[in-house]
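> Residue numbers (my numbering): 28 to 428.
Take a look at this one; I'll ask things after.
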Ligand code: F0G
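Written out as structure tokens, the structure reads:
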């Protein structure tokens, strides 16, 4: 029903092979025989979840699942108004079991690890991937090894990786260094690599597109805006929409719009310079540590998704990210981590630049939950007001300007 295929030289590999990139170095994609997939809207009446779309997922055994997906799609009229838009939605992926979209990829990826008989799973991570791998490794009963950039992982994410029992290694280097190391480790030790270079992980993440179209009554929005780090998610969501179009569920595919922080923006530069590939950045830096990545492994796929869909890519400053995070939290009640708020900051900037038309129906994907990074919250919000335990002191403080 499906196989792996190199996106560069088109070499095919059977689904039983443990392989992450082609011998030519190209990225791999999971390719299905769509003529074998008989799926209609009537078959999709079950409540939302990743596994609702099992017919389009490359797994045959009972999945390792914690009920991932089924995240809310909020219509955010106050954000729409403040940005001058008519119709804006937020797909809040922070509502997954571990608080980020990574769970969609991990439920599929860890199940695949079991199918392939792998004994240990591993990843490099800016935090969320490691939290998710630790959790799904625990659920599957498979040891997990995670490599993190020392001092640059939000505490909530680190706490998850530790509590769920992963072996946590803090690398003196950045995410890109950690990814290089874990790829080498997996090759040497036969561990199963679950970064987004693994095409099976992206299959799980494409269900974000399925859910958005499903929640909108089987229509595609005009545009998807999301943060881009290692560039897997933008690739996965684009694939999801393309599959829905191929199967006749939707008529069009949204313009894929990637947002990066000013200090870590190789994809944006490549799009603006019309370059065929990215120039890696050796010292990425941003408050949005989740997307503090200078050499995104899925860059080629992401550039293709952006260009083919007629989308774009833009940078936002750390100040714009923090301000969007505050706005989303305080006017819509949606708590997201800094990286996720870049989608809202990007929407505002692209409308102001006249690149997004105010009539477009836009879905911003917020990838991770506010509670992932509470140290950052304490750093940017006013401190709690400490007072004596008397009603006078309370009343005085409540009405204090
Ligand atoms: N938003 C959040 C909250 C993330 O954790 C990540 C990636 C992204 C956006 C970017 O997604 O890499 O698919 O382009 N976090 C990875 C990690 C790198 O290790 O947790 P991407």
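Each residue gets a CB set at the ideal place from its N, CA and C atoms; glycine is no exception.
When every heavy atom of the ligand F0G is checked, does at least one fall within less than 7 Å of the C-beta of residue 152?
It does: the Cβ of residue 152 is within 7 Å (strictly closer) of some heavy atom of the ligand F0G.
> Measuring straight from C-alpha to C-alpha, what distance separates residue 325 and residue 270?
The straight-line gap from Cα to Cα measures roughly 19 Å.
> Identify, in the order they occur along the chain, each residue of the same chain with its Cβ nearer than 6 Å to the Cβ of residue 200, setting aside the five sequence neighbours on each side.
Hits under 6 Å: none found.
> Can you tell me the Cβ-Cβ gap for residue 161 and residue 173, rounded? I've got them flagged as a contact below 8 Å.
The pair is a contact, with the Cβ atoms about 7 Å apart (cut-off 8 Å).
> Looking only at its own chain, which residues have a Cβ that is under 6 Å from the Cβ of residue 115, when we skip the five neighbours before and after it?
Result list for residue 115: 103, 106, 107 and 389, in chain order.
> Compute the Euclidean distance between the alpha carbons of residue 264 and residue 110, then round it to the nearest angstrom.
Spanning the two alpha carbons is a distance of roughly 24 Å.
> Look at the Cβ atom of residue 309, then the Cβ atom of residue 296, and state whether they are nearer than 8 Å.
Cβ atoms of residue 309 and residue 296: not closer than 8 Å.
> Taking 8 Å as the cut-off, decide whether the C-beta atoms of residue 118 and residue 393 are in contact.
In contact: residue 118 and residue 393 (Cβ atoms closer than 8 Å).
> Closest to residue 285 by CA distance: which of 363, 32 and 376 is it?
Taking only the C-alpha atoms, the option nearest residue 285 is 376.
> Does the stretch 402-416 come close enough to the stretch 123-136 that 3 or more CB-CB pairs lie under 8 Å?
No contact exists between the stretch 123-136 and the stretch 402-416.
> Can you give, in chain order, each stretch of the beta strand (DSSP E) that sits fully within the stretch 130-212 and has at least 3 residues?
Listed in chain order, they are 148-151, 171-176 and 194-198.
> Check this for me: beta carbons of residue 148 and residue 126, under 8 Å apart or not?
No. Outside cutoff.
> Answer with buried or exposed for residue 311, where buried requires no fewer than 16 other C-beta atoms within 10 angstroms of its C-beta.
It is buried - the Cβ of residue 311 has at least 16 other Cβ atoms within 10 Å.
> Give the C-beta separation of residue 93 and residue 74 to the nearest angstrom, bearing in mind that I take them to be a contact with Cβ-Cβ under 8 Å.
Actually they do not touch by this definition, with Cβ atoms about 15 Å apart.
> Report the residue from 176, 238 and 424 whose alpha carbon sits nearest the alpha carbon of residue 197.
If we check each option's Cα against that of residue 197, 176 comes out closest.
> Short of 7 Å in beta carbon distance, which residues of its chain neighbour residue 424, apart from the five on each side in sequence? Order them along the chain.
Cβ within range, chain order: 412 and 414.
> Could you check how far apart the C-beta atoms of residue 249 and residue 281 are, in whole angstroms? I think they sit under 8 Å.
Indeed they touch by this definition, with Cβ atoms about 6 Å apart.
> Return helix, strand or coil for residue 328, following the three-state DSSP convention.
Here residue 328 sits in helix by DSSP.
> DSSP state of residue 318, grouped into three classes?
The answer is helix: DSSP assigns residue 318 an H, G or I state.
> Using 8 Å as the threshold, is the C-beta distance between residue 290 and residue 313 below it?
The answer is yes: Cβ separation under 8 Å.
> In terms of residues, what are the limits of the alpha helix (DSSP H) holding residue 303?
Note, residue 303: premise wrong, no alpha helix (DSSP H); not H, not E.
> Identify, in the order they occur along the chain, each residue of the same chain with its Cβ nearer than 7 Å to the Cβ of residue 128, setting aside the five sequence neighbours on each side.
Excluding sequence neighbours, residue 128 sits near 120, 232, 235, 260 and 394.
> By how many angstroms is the C-alpha of residue 220 removed from the C-alpha of residue 85?
Straight-line Cα distance between these residues: approximately 17 Å.
> Taking only the alpha-carbon atoms, compute the straight-line gap between residue 202 and residue 246 and give it to the nearest angstrom.
Looking at the two C-alpha atoms, the distance is approximately 37 Å.
> By alpha-carbon positions, which one of 137, 61 and 342 ends up nearest to residue 150?
Ranking the options by Cα distance to residue 150, first place goes to 137.
> Report yes or no: do the stretch 344-361 and the stretch 378-385 share at least 3 C-beta pairs separated by less than 8 Å?
The answer is no - the stretch 378-385 does not touch the stretch 344-361, with fewer than three Cβ pairs under 8 Å.
> Measure the C-alpha to C-alpha separation of residue 356 and residue 239 and round it to an integer number of angstroms.
If you take the alpha carbons of residue 356 and residue 239, they lie about 21 Å apart.
> Buried or exposed for residue 255, going by 16 or more other Cβ atoms inside 10 Å?
Buried is the call here.
> Give the straight-line distance between the Cα atoms of residue 82 and residue 171, rounded to the nearest whole angstrom.
Their backbone Cα atoms lie some 28 Å apart in a straight line.
> Just to confirm my understanding: we take residue 48, look at its own chain, exclude 5 residues before and 5 after, and list those with CB closer than 7 Å. What are they?
These residues qualify, in order along the chain: 54, 55 and 224.
> Got a sec, what are the start and stop residues for the alpha helix (DSSP H) residue 259 sits in?
Counting along the chain, the alpha helix (DSSP H) containing residue 259 begins and ends at 259-273.
> Would you say the beta carbon of residue 233 comes nearer than 7 Å to a heavy atom of the ligand F0G?
Residue 233: no, Cβ never under 7 Å from the ligand F0G.
> Let me check understanding here. Comparing Cα to Cα, which of 272, 34 and 230 lies closest to residue 50?
Among 272, 34 and 230, the Cα nearest to that of residue 50 is on 34.
> Less than 8 Å between the C-beta atoms of residue 367 and residue 182, yes or no?
No, the Cβ-Cβ distance between residue 367 and residue 182 is not below 8 Å.
> Assign residue 416 to one of three DSSP states: helix, strand, or coil.
In this structure, residue 416 counts as coil in the three-state DSSP scheme.
> Classify residue 310 as helix, strand or coil using the three-state DSSP reduction.
Three-state result, residue 310: coil.
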